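Numbering (the working numbering), first residue to last: 18 to 293.
Glycine is no exception: its CB is placed at the ideal position from the N, C-alpha and C atoms.
Owing to the predicted nature of the structure, the values given are computational and were not obtained by experimental measurement.
Remarks on the structure that follows.
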């Protein structure tokens, strides 16, 4: 999977030029791939021209032609069209080419059923903060994916944020925590901003304070390595404002609500997986 002309990085085809496709493209270039090593398929001509102009990569409409030139094929299409795309590229894929999918909900068995026997596949569960390099992605190997394949996927996704390895059985839980998790964070930010407005702050100021507070708290949690409960206690002076606020959160079942929400997301992810 190397090429003398392009160094030790494999040729990559990104099938799908939407938000996630562009995120993967940007991540590859940040990680050291050069434009000549990456091709993107996008059937909307205006969007294809936009990507070609912005990143200097080759673009086109044919998934099969792009796959035929690639050592790694990244599927960045919606789950409902994955089967059709696999049918397009099946006969074009090079022997041993790695297929990587970021489509939500589709089990690895679906890919392995639609592709040639022994085709290596890796499934990725990303989240939307990957767009700004602050994402959390989990990768799970298919039957024929090797350690080398996993290392390669980690290298390709490095610029998107945190990348962890899991077994496929854990991807539903990952979906519930990091896949759907940004919505929980946005929900919290919105609630904090609304509270600020209720307390008399201008909405723009309340929103900026809420965003900066959540962003800073996450950064502190990441850098300190301390348990979130320990960090919370450091903010909570005896008899102070924070203790009073947290007591109300507990009384309203906020913690239980978040856990229940994650369980519901996990269950829905399982249900979607069974439908394919």
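**Request:** Might you give, ordered along the chain, the residues of its own chain that have their beta carbon closer than 6 angstroms to the beta carbon of residue 143, omitting 5 neighbours on each side?
**Result:** Looking up residue 143 in the chain shown gives position 126. Within the same chain, residue 143 has close Cβ partners 119, 152, 154.
**Request:** Give the DSSP-derived three-state secondary structure of residue 82 in the structure shown.
**Result:** Counting from one through the chain shown, the residue named residue 82 turns up at place 65. Of the three classes helix, strand and coil, the one that applies to residue 82 here is helix, per DSSP.
**Asked** Taking Cβ to Cβ, would you say residue 105 is nearer than 7 angstroms to residue 81?
**Response** Taking the first residue of the chain shown as position 1, residue 105 is located at position 88. Taking the first residue of the chain shown as position 1, residue 81 is located at position 64. Contact flag set, yes.
**Request:** Measure from the alpha carbon of residue 175 to the alpha carbon of each residue in 34, 47, 30, then state which is nearest.
**Result:** Indexing the chain shown from 1 puts residue 175 at position 158. Sorting 34, 47, 30 by C-alpha distance to the C-alpha of residue 175 places 47 at the top.
**Asked** Who are the Cβ neighbours of residue 148 in its own chain at under 7 angstroms, not counting the five residues just before and after it?
**Response** Position 131 of the chain shown, counted from the start, is the residue given in the question as residue 148. So the list reads 36, 40, once near-sequence residues are dropped.
**Three-state class that DSSP yields for residue 44 in the structure shown** = For the purposes of this step, residue 44 is taken as the residue at position 27 of the chain shown. Reduced to three states, the DSSP call for residue 44 is helix.
**Item:** Contact check, residue 282 vs residue 193, beta carbons under 7 angstroms
**Value:** Working through the chain shown from its first residue, we reach residue 282 at position 265. Working through the chain shown from its first residue, we reach residue 193 at position 176. It is a contact, given that the beta carbons lie within the stated cut-off.
**Request:** Go ahead and label residue 157 buried or exposed: buried means 16 or more other beta carbons lie within 10 angstroms of its beta carbon, across all protein chains shown.
**Result:** For the purposes of this step, residue 157 is taken as residue 140 along the chain shown, with counting starting at 1. Residue 157 is buried by the Cβ-count criterion.
**Request:** Starting from residue 257, follow the alpha helix (DSSP H) in both directions and report where the run begins and ends.
**Result:** As a working note, residue 257 is residue 240 in the chain shown. No alpha helix (DSSP H) holds residue 257; DSSP gives it neither H nor E.
**Request:** Can you tell me the Cβ-Cβ gap for residue 45 and residue 55, rounded? I've got them flagged as a contact below 8 angstroms.
**Result:** As a working mapping, residue 45 is identified with position 28 in the chain shown. As a working mapping, residue 55 is identified with position 38 in the chain shown. The Cβ separation is near 5 angstroms, so the contact holds.
**Message:** Assuming contact is defined by CB atoms lying nearer than 7 angstroms, are residue 123 and residue 146 in contact in what I supplied?
**Reply:** The residue you call residue 123 lines up with position 106 of the chain shown. The residue you call residue 146 lines up with position 129 of the chain shown. Taking the C-beta atoms as reference points, residue 146 is found no nearer than 7 angstroms to residue 123.
**Message:** I believe residue 138 touches residue 116 by the beta-carbon criterion, under 8 angstroms. Please report the beta-carbon distance rounded to the nearest angstrom.
**Reply:** As a first step, residue 138 must be located in the chain shown, where it is residue number 121. As a first step, residue 116 must be located in the chain shown, where it is residue number 99. The pair is a contact, with the Cβ atoms about 5 angstroms apart (cut-off 8 angstroms).
**Prompt:** Which ranges would you report for the beta strand (DSSP E) in the segment 42-130 if only whole runs of at least 3 residues count?
**Reply:** Fully enclosed beta strand (DSSP E) runs of 3 or longer: 55-58, 75-77, 89-92, 115-118.
**Request:** Within the segment 124-178, note down every full alpha helix (DSSP H) run reaching 4 residues or more, in order along the chain.
**Result:** Along the segment 124-178, the alpha helix (DSSP H) occurs as fully enclosed runs of 4 or more residues at 125-131, 164-174, listed in sequence order.
**Prompt:** Under three-state DSSP, which class holds residue 289?
**Reply:** Taking the first residue of the chain shown as 1, we reach residue 289 at position 272. Residue state, collapsed to three classes: helix.
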